[in-house]
Ligand SMILES: Cc1ncc(C[n+]2csc(CCOP(=O)(O)OP(=O)(O)O)c2C)c(N)n1
């Protein structure tokens, strides 16, 4: 089937096009509109179809795969409910700029608009949450549309693209022609930064006494960590990262400041407050990072490099915009900047004082099991070398604080949308892509239930993910806000009575499972889980119920409003 | 401040929807939008009237550019341009007012496009300001129905 100019039906064209795009995995679920594609897939062996158990799972798996490997994730679902089930995952990939191509079956062209069985206007529904989407109207356009979809998903700022394929198109035939190049006249992202802007940035950096690099996920998707590390170390510039930027700079390096923002470190936020130059690269001044924008980096000249011009001046007015790829920007700076620079000793000393004043700590020494301990222990035992996936909530923030990320593409987490239920499927997807590093998942007991069905997928494919279930019997993060800001009215956040026995649940799925209730058994369980490679393993960590994530900048507050510890000790466990 | 933006888009199913949906999703003001084919059948021109301060308008322009179906985005506001709108309006026609109405139509360089015993339909072309004035002036005579096209605009030739 590799020769061009041969007649194929739409389903064969679909598969052949995926081959041309070097697709390894399709995360999918069949249905009426896709019967022809699945008929074709039956005899396809060079592309592996992974049967998920819910279409949302397919989207997060595809995204986990994409974030771990840098390659676009591919999803295939049927029309109507299959398509609508992908909406959360598409929105998630859109918010976090993950490359993904979603193929949906659609009712036959002649029935579109008739409220046909399993019809949903998925192109209309996903318009605001995709980078672009297509309805294929002619089988002759199918191959070209697929090639455009992959090009759009992976070029410039990555993102999800959806291709809606009516049933009749998948059955119709035409000569297969794969376009050699893609040309979309309305899509010309700026990759190369304007040289004058880079030069100005270099001058500003050279003149700065208190510079700070503020790094986002853009540096990771641009594969620019090496340039970042060189620049920061050569120029003695401390580096703070967003949740998605973690790993772009090694967390154990003295210049690493950890994460900034709502649950960022005290010293990173202080540095933002006091820096005279803020160099934002591949970050978008999200409200969870800035808090009150008026008081964000008030003394700083702000440089902002981003590949998406709409990110510039969106939330925070910057002084020097540099539109373009992060790698191009950082490499440009490296070329221009002198190697001999200031040691910036007094600035680094100032930061050191803040760091010693309010380090990240947690209570220990008793027999109670705390999430921070679990995460720190996993960090130690994996030497910071794991691919770490999280769900959403307190455990996610603690992961950012207590796992020491050393390499890019090491944290896979739902940042922009904050989707509970993301973690388990994303971890499975990551493990399909990465075989030479352990894939560990930190997941809350709330979020685990949201896509628990995918445990079957992991078991079936013998995927050796380590599921570290942080079981605090609460919707912890919401409980935290209730305690701090809502009169301690723990409204519908106590799961204690209703939670199942997760060990039994996992075992029923065919997944090995352990339980840990104190620091010693936790340590042993982590060791055991990391040594186990015959399929997934779950550890049910029974952690304290009412722990709190600190520091915390209340939503919309200034960094000076940062809460460092619980005010009311009686609510302690 | 009011801005007049001209957008060339792919003449494709859904292009208008993408633009309109972007305005509502991002909470931008959309005063009018009009669309039609250009000299190139594959390209349509949209004329958009919106309001906002410089920061908002700069976001509007960038967000428009970001849409894959948009080929070119031009803020005509600060450039030499011609802007026109079409008004179609049906007025009550009474013996006593008939004379005045015809005079006003002349003043506004309007055209009668339909006339019945008790009503008259006219068309007026002009800048949106002129259209506003026209409507104000005719209102006392009894407007039965009116339709405005929204602005269309183009660069002034060299
Ligand atoms: C799909 C979805 N629904 C609701 C929320 C709101 N929410 C954010 S964190 C959270 C609690 C998560 O609890 P759990 O999974 O147990 O994790 P923990 O915070 O305890 O670590 C909730 C309900 C969300 N982020 N996503």
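Protein chains in written order, with this note's numbering: chain H, 13 to 585; chain D, 121 to 278.
Don't be surprised by glycine CBs; every beta carbon is placed ideally from N, CA and C.
message: Can you tell me where the beta strand (DSSP E) holding residue 297/H begins and where it ends?
response: Neither: residue 297/H is in no beta strand (DSSP E) and is coded neither H nor E.
field: beta strand (DSSP E) segments (min. 3 residues) lying fully within the stretch 399-460 of chain H
entry: Runs of the beta strand (DSSP E) inside the stretch 399-460 of chain H: 399-402 and 451-456.
message: I want to verify the contact list: residues of chain D whose CB lies under 9 Å from the CB of residue 154/H, in sequence order.
response: Those do not exist, as residue 154/H stays about 16 Å from chain D at its closest Cβ, beyond 9 Å.
message: To the nearest angstrom, how far is the alpha carbon of residue 576/H from that of residue 125/D?
response: Taking the straight line joining both Cα atoms gives about 49 Å.
field: Any chain H beta carbon closer than 7 Å to residue 194/D
entry: Residue-level contact check: residue 194/D does not touch chain H, since none of the beta carbons of chain H fall below 7 Å from its beta carbon.
task: Compute the distance between the beta-carbons of residue 413/H and residue 372/H, then report whether it is under 7 Å.
output: Yes.
task: Please name the residue or residues paired with residue 186/H in a DSSP beta bridge.
output: BP columns for residue 186/H point to 20/H.
- prompt: Hey, how far is the Cα of residue 263/H from the Cα of residue 547/H?
  reply: Spanning the two alpha carbons is a distance of roughly 30 Å.
- prompt: Where does residue 190/D fall in DSSP's three states?
  reply: In the three-state DSSP reduction, residue 190/D falls in the strand class (E or B).
message: Does residue 531/H come out as helix, strand or coil in the three-state DSSP assignment?
response: DSSP, reduced to helix, strand and coil, places residue 531/H within a helical segment of the structure shown.
Contact check, residue 252/H vs residue 267/H, beta carbons under 7 Å: Taking 7 Å as the Cβ cut-off, residue 252/H and residue 267/H do not qualify as a contacting pair.
field: DSSP three-state assignment for residue 142/H, whether helix, strand or coil
entry: Here residue 142/H carries a coil assignment [DSSP, helix/strand/coil].
message: The alpha helix (DSSP H) that contains residue 391/H, what's its start and end?
response: That run of the alpha helix (DSSP H) goes 383-393.
task: From the DSSP output, in three-state form, read off residue 542/H for me.
output: Helix.
query: Any heavy atom of ligand 2 closer than 6 Å to the CB of residue 407/H?
result: Questions concerning ligand 2 fall outside what the structure shown contains, since the ligands it does hold are ligand 1.
- prompt: Does any CB atom of chain H fall closer than 7 Å to the CB of residue 141/D?
  reply: Cβ-Cβ to chain H under 7 Å: yes for residue 141/D.
- request: Starting from residue 202/H, follow its DSSP beta bridges and name the residues at the other end.
  value: In DSSP, residue 202/H forms no bridge with anything.
message: I believe residue 213/H touches residue 369/H by the beta-carbon criterion, under 8 Å. Please report the beta-carbon distance rounded to the nearest angstrom.
response: About 31 Å; that fails the 8 Å criterion.
- request: Could you name the residues of the same chain whose beta carbon sits closer than 6 Å to that of residue 163/H, not counting the 5 residues immediately before and after it, in chain order?
  value: Taken in chain order, the residues that qualify are 194.
message: Short of 8 Å Cβ to Cβ, which residues in the stretch 132-144 of chain H face chain D?
response: Listed in sequence order: 135, 136, 139, 140, 143 and 144.
field: Cα-Cα separation between residue 231/D and residue 157/D, rounded to whole angstroms
entry: In a straight line, the C-alpha of residue 231/D is about 25 Å away from that of residue 157/D.
- request: Take the Cβ of residue 108/D as the centre, count every other Cβ of all protein chains shown within 10 Å, and call the residue buried at 16 or more, exposed below.
  value: Residue 108/D is absent from the structure shown; chain D starts at 121 and stops at 278.
query: Is residue 432/H near ligand 1, going by C-beta to nearest heavy atom under 6 Å?
result: Yes, the Cβ of residue 432/H comes within 6 Å of a heavy atom of ligand 1.
task: Report the residues of the stretch 196-215 of chain H with a CB closer than 7 Å to any CB of chain D, ordered along the chain.
output: Answer in chain order: 196, 197, 198 and 199.
- prompt: What is the residue span of the alpha helix (DSSP H) that residue 495/H lies within?
  reply: Taken as a continuous stretch (DSSP letters only), the alpha helix (DSSP H) holding residue 495/H covers 488-497.
message: Measuring only from the beta carbon, is residue 390/H closer than 6 Å to any heavy atom that is part of ligand 1?
response: Because no heavy atom of ligand 1 lies under 6 Å away, the Cβ of residue 390/H does not count as near it: no.
Inter-residue Cα distance where the pair is residue 581/H and residue 255/H: With a pLDDT of only 46 at residue 581/H, under the threshold of 50, the placement of this residue in the model should not be trusted, and no figure is reported.
task: Using only alpha-carbon positions, find the residue among 335/H, 285/H and 326/H that is nearest to residue 313/H.
output: Here the closest residue by C-alpha is 285/H.
Where residue 74/H falls: helix, strand or coil (DSSP): In this structure, residue 74/H counts as helix in the three-state DSSP scheme.
task: Please go through the same chain and pick out, in chain order, the residues whose beta-carbon is closer than 7 Å to the beta-carbon of residue 262/D, but skip the five residues on each side of it.
output: 211 and 212.
query: Using the C-alpha atoms, what's the distance from residue 299/H back to residue 176/H?
result: Our two residues, residue 176/H and residue 299/H, have alpha carbons roughly 34 Å apart in a direct line.
- prompt: Quick one: Cα of residue 165/D to Cα of residue 271/D, how far?
  reply: Roughly 12 Å between the two C-alpha positions.
field: Unbroken beta strand (DSSP E) run spanning residue 317/H, endpoints
entry: 313-318 is the extent of the beta strand (DSSP E) around residue 317/H.
Backbone secondary structure at residue 224/H - three-state DSSP: The DSSP-derived three-state label of residue 224/H is strand.
task: Write down every uninterrupted run of the beta strand (DSSP E) in the stretch 26-64 of chain H whose length is 3 residues or greater and which is fully enclosed by it, in chain order.
output: List check, beta strand (DSSP E) in window: 37-40 and 60-63.
message: Going by DSSP, what residue range makes up the alpha helix (DSSP H) through residue 93/H?
response: Residue 93/H: member of the alpha helix (DSSP H) spanning 93-96, first to last residue.
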